[in-house]
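Visitor:
2 protein chains.
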Amino acid sequence: MTLRAVGLAAGLSHNAPYKHFDSRNALLAGVAAVSFKELAKAANAIRTSSAPPAGKMSQAIGLFIDYSRQKPARYRLLFNNPDTAAAGGDLKASALETFEQFRSIVQECQEAGVLPDAPSQALASLIFASAHGLLAMEGNGQMHPEKGLSNVADSMELLLGLLGSGQHSRK
Amino acid sequence: MTLRAVGLAAGLSHNAPYKHFDSRNALLAGVAAVSFKELAKAANAIRTSSAPPAGKMSQAIGLFIDYSRQKPARYRLLFNNPDTAAAGGDLKASALETFEQFRSIVQECQEAGVLPDAPSQALASLIFASAHGLLAMEGNGQMHPEKGLSNVADSMELLLGLLGSGQHSRK
DNA sequence: ACCTGAACACCGTTCAAGT
DNA sequence: ACCTGAACACCGTTCAAGT
């Protein structure tokens, strides 16, 4: 993404963006902030739905997978960018809210006996990091069938299945 | 990394690199190729050591963690770069060999009953992707203690512990 | 208040020319 | 065979100037 292309797309000069943002990074931080707000909203809709815990988990994972595939550059901006991670304010708040929705779903799964006992934050972080790693590899084109890893969704199902087996439902 | 800096560091002109590599990407692919060869060698040393399977697994994970921390840019070049992933030849061969060493260690762990039954390739890919996701987040500065995820090694121990529990040693 | 145009210091890359 | 210097088409950023 070049600032010159942004100006052109807006029908303005190549440095018109500077009248609205301090720098290229500031513009990207603005984009990341509104994107994280959307994502937090979508995650909240999943968490507050009437689906069973395991269903919410699948939907949440699906949300990240779809986002990464439909908007790969945006996904990288949100989840694979040091500058975005270093930001504070609204951006950080929305990012933490998104994670909190996910953590809450993990906790529901634990209470339903489909995920093992462990601090829900640590387990949620681990599951998210796994999805993130798989999506990063897919985005980089590292998903070779030779590695037995040709599908993010299947890999996440394997993970959740292995974590879930050995659990007993406490319903 | 700029080609001009490379030329300067070698005491040559800014475009001397073009006499040895077709482009900036080609130079980076060359660096990636030798780096993957080193990594494959280190992974092989771990696999053929006399440590128990679980110990080899810890050492292999530690190898990636140390590499990411000591040479973060190199780690990203090897594991987070579309151009590197798209390369073939020596580079691809060394990358696949590194993965094969890791897969073999995973299989040993399965046979020792410390990792669950599953296709070893799929399980190895999943475990590696998890480590990769955690390392990417650490490298981006996304490892906030607020998320209960302040340490890559601890998170991987949690993963391996959860995968291992429910297994019975078959020795 | 918002925008433009020229300019600056960088890039990767190309190419003619040197030894 | 290997290297250099000038040049080209890009960047992000700055700044004086326009309305």
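Same order as they appear, the protein sequences are chains A and B.
For the record, in the first sequence the residue sitting at position 132 is 292 according to the numbering used here, with numbers rising by one throughout.
For the record, in the second sequence the residue sitting at position 101 is 261 according to the numbering used here, with numbers rising by one throughout.
Just so you know, even glycine gets a beta-carbon here, dropped at the ideal spot from N, CA and C.
None of these values were measured; they are calculated from a predicted model.
(1) Does DSSP put Phe224 of chain B in a helix, a strand or coil?
(2) By how many angstroms is the C-alpha of Gly171 of chain A removed from the C-alpha of Lys231 of chain B?
(3) Which residue comes first and which comes last in the alpha helix (DSSP H) that contains Asp335 of chain A?
(4) Within the chosen definition, does the segment 195-208 of chain B reach the segment 254-262 of chain B through at least 3 CB pairs nearer than 8 Å?
(5) Tell me, to the nearest whole angstrom, how far the beta carbon of Ala296 of chain B is from that of Asn240 of chain B; I am working on the premise that it is less than 8 Å.
(6) Pairs of beta-carbons, one from the segment 257-265 of chain B and one from the segment 260-276 of chain A, closer than 8 Å: are there three or more?
(7) Is Gln281 of chain A helix, strand or coil by DSSP?
(8) Taking a cut of 8 Å between CB atoms, which residues from the segment 230-242 of chain A lie near chain B?
(9) In terms of residues, what are the limits of the alpha helix (DSSP H) holding Leu199 of chain B?
(10) What are the start and end residues of the alpha helix (DSSP H) that includes Ser315 of chain B?
(11) Would you mind sorting Leu168 of chain A into buried or exposed? The rule is 16 or more other CB atoms within 10 Å of its CB.
(12) If you draw a straight line from the C-alpha of Leu109 of chain A to the C-alpha of Leu163 of chain B, how long is it?
(13) Is the segment 216-230 of chain A in contact with the segment 261-273 of chain B, if contact means three or more CB pairs nearer than 8 Å?
(14) Ala170 of chain A lies in the alpha helix (DSSP H); which residues open and close that run?
(15) Can you tell me whether Ser329 of chain B is buried or exposed, with buried defined as 16 or more other CB within 10 angstroms of its CB?
(16) When the cut-off is 8 Å and only beta carbons count, does Gln302 of chain B lie next to chain A?
(17) Please classify Ala211 of chain B: does DSSP put it in a helix, a strand, or coil?
(18) Using CA atoms only, rank isn't needed, just tell me which of B:Ala202, B:Thr208, B:Ile265, B:Ala192 is closest to Ala233 of chain B.
(19) So Met297 of chain A contacts chain B; which residues on that side make the cut at Cβ distance below 7 Å?
(20) Should Pro276 of chain B be flagged as near chain A, meaning a C-beta pair shorter than 8 Å?
(21) Output needed for Ser310 of chain B: all residues of its chain with C-beta closer than 8 Å, excluding positions within five of it in sequence on either side, in chain order.
(22) Distance, Cα to Cα, Pro213 of chain A vs Arg236 of chain A?
(23) For Ala165 of chain A, does the count of other Cβ atoms within 10 angstroms reach 16, so buried, or fall short, so exposed?
(24) Please list the partners that Ser315 of chain B has in chain A, where partner means a Cβ-to-Cβ separation under 9 Å.
(25) Compare the C-alpha of Gly301 of chain A against each of B:Ile221, B:Ser183, B:Thr244 and name the closest.
(26) If we cut at 8 Å on Cβ distances, does Phe245 of chain B have a partner in chain A?
(27) Leaving out five residues before and five after Asn185 of chain A in sequence, what residues of the same chain have Cβ atoms less than 6 Å from its Cβ?
(28) If I follow the unbroken alpha helix (DSSP H) through Pro232 of chain B, where does it start and stop?
(29) May I have the straight-line CA-CA distance separating Ser210 of chain B from Leu323 of chain A, to the nearest angstrom?
(30) Considering only the beta carbon of each residue, do Met316 of chain B and Leu294 of chain B sit closer than 8 Å?
Guide: Short version:
(1) Sequence index remark: in the second sequence, residue 224 of chain B carries index 64 (1-based). Here Phe224 of chain B sits in helix by DSSP.
(2) As a first step, residue 231 of chain B must be located in the second sequence, where it is residue number 71. As a first step, residue 171 of chain A must be located in the first sequence, where it is residue number 11. Roughly 43 Å separates the two Cα atoms.
(3) There is no way to answer for residue 335 of chain A, as the model of chain A reaches only from 161 to 331.
(4) Taking a contact to require three or more Cβ pairs closer than 8 Å, the segment 195-208 of chain B and the segment 254-262 of chain B qualify as touching.
(5) Residue 296 of chain B sits at position 136 when you count from the first residue of the second sequence. Residue 240 of chain B sits at position 80 when you count from the first residue of the second sequence. For a cut-off of 8 Å, the C-beta gap from Ala296 of chain B to Asn240 of chain B is around 6 Å, short enough to register as a contact.
(6) At 8 Å Cβ cutoff, the stretches do not touch.
(7) Working through the first sequence from its first residue, we reach residue 281 of chain A at position 121. Helix at Gln281 of chain A.
(8) Near chain B, meaning a CB-to-CB distance below 8 Å, the residues of the segment 230-242 of chain A are Phe239, Asn240, Asn241, Pro242.
(9) Along the second sequence, one-based indexing puts residue 199 of chain B at 39. It spans 184-207 - the alpha helix (DSSP H) in which Leu199 of chain B sits, taken as one unbroken run.
(10) For the purposes of this step, residue 315 of chain B is taken as the residue at position 155 of the second sequence. In the DSSP assignment, Ser315 of chain B falls within the unbroken alpha helix (DSSP H) covering 312-324.
(11) Reading the first sequence from its first residue, position 8 is the one you call residue 168 of chain A. It counts as exposed.
(12) No answer is possible for residue 109 of chain A: it lies beyond the span of chain A, which begins at 161 and ends at 331.
(13) Because the criterion of three Cβ pairs below 8 Å is not met, the segment 216-230 of chain A and the segment 261-273 of chain B do not touch.
(14) Reading the first sequence from its first residue, position 10 is the one you call residue 170 of chain A. Judged by DSSP secondary structure, Ala170 of chain A falls outside any alpha helix (DSSP H); it is assigned neither H nor E.
(15) Here residue 329 of chain B refers to the residue found at position 169 when the second sequence is read from its first residue. Because Ser329 of chain B carries a pLDDT of 48, less than 50, the predicted location of this residue cannot be relied on, and no value is offered for it.
(16) Here the question's residue 302 of chain B lines up with position 142 in the second sequence. Using a CB distance cut-off of 8 Å, Gln302 of chain B counts as an interface residue toward chain A.
(17) Working through the second sequence from its first residue, we reach residue 211 of chain B at position 51. Residue state, collapsed to three classes: coil.
(18) If you number the second sequence from 1, residue 233 of chain B lands on position 73. Minimum Cα distance to Ala233 of chain B is reached at B:Ala192.
(19) Taking the first residue of the first sequence as 1, we reach residue 297 of chain A at position 137. When 7 Å is used as the limit between beta carbons, Met297 of chain A is near these residues of chain B: Ala289, His292, in chain order.
(20) In the second sequence, counting from the first residue as 1, residue 276 of chain B sits at position 116. It does: the Cβ of Pro276 of chain B has a partner Cβ on chain A nearer than 8 Å.
(21) By one-based count along the second sequence, residue 310 of chain B stands at place 150. Around Ser310 of chain B: Met303, His304.
(22) Translated into positions along the first sequence, residue 213 of chain A becomes position 53. Translated into positions along the first sequence, residue 236 of chain A becomes position 76. Going from the Cα of Pro213 of chain A to the Cα of Arg236 of chain A covers about 28 Å.
(23) Here residue 165 of chain A is taken as the residue at index 5 of the first sequence, counted from 1. Ala165 of chain A is exposed by the Cβ-count criterion.
(24) Locating residue 315 of chain B in the second sequence gives position 155, counting from the first residue. Residues of chain A passing the Cβ test: Ala282, Ser285, Leu286, Ala289.
(25) Residue 301 of chain A sits at position 141 when you count from the first residue of the first sequence. From the listed residues B:Ile221, B:Ser183, B:Thr244, the smallest Cα separation to Gly301 of chain A is found for B:Thr244.
(26) To locate residue 245 of chain B, count along the second sequence from 1; it is residue 85. According to the sequence displayed, residue 245 of chain B carries Ala and not Phe. Chain A contact via Cβ: present.
(27) As a working note, residue 185 of chain A is residue 25 in the first sequence. Excluding residues within five positions, the ones whose Cβ falls inside 6 Å are Asp243.
(28) Here residue 232 of chain B corresponds to residue number 72 of the second sequence, with the count starting at 1. Start and end: 232-239.
(29) Here residue 210 of chain B refers to the residue found at position 50 when the second sequence is read from its first residue. Here residue 323 of chain A refers to the residue found at position 163 when the first sequence is read from its first residue. Answer to the nearest angstrom: the Cα atoms are 29 Å apart.
(30) Here residue 316 of chain B is taken as the residue at index 156 of the second sequence, counted from 1. Here residue 294 of chain B is taken as the residue at index 134 of the second sequence, counted from 1. Contact: yes.
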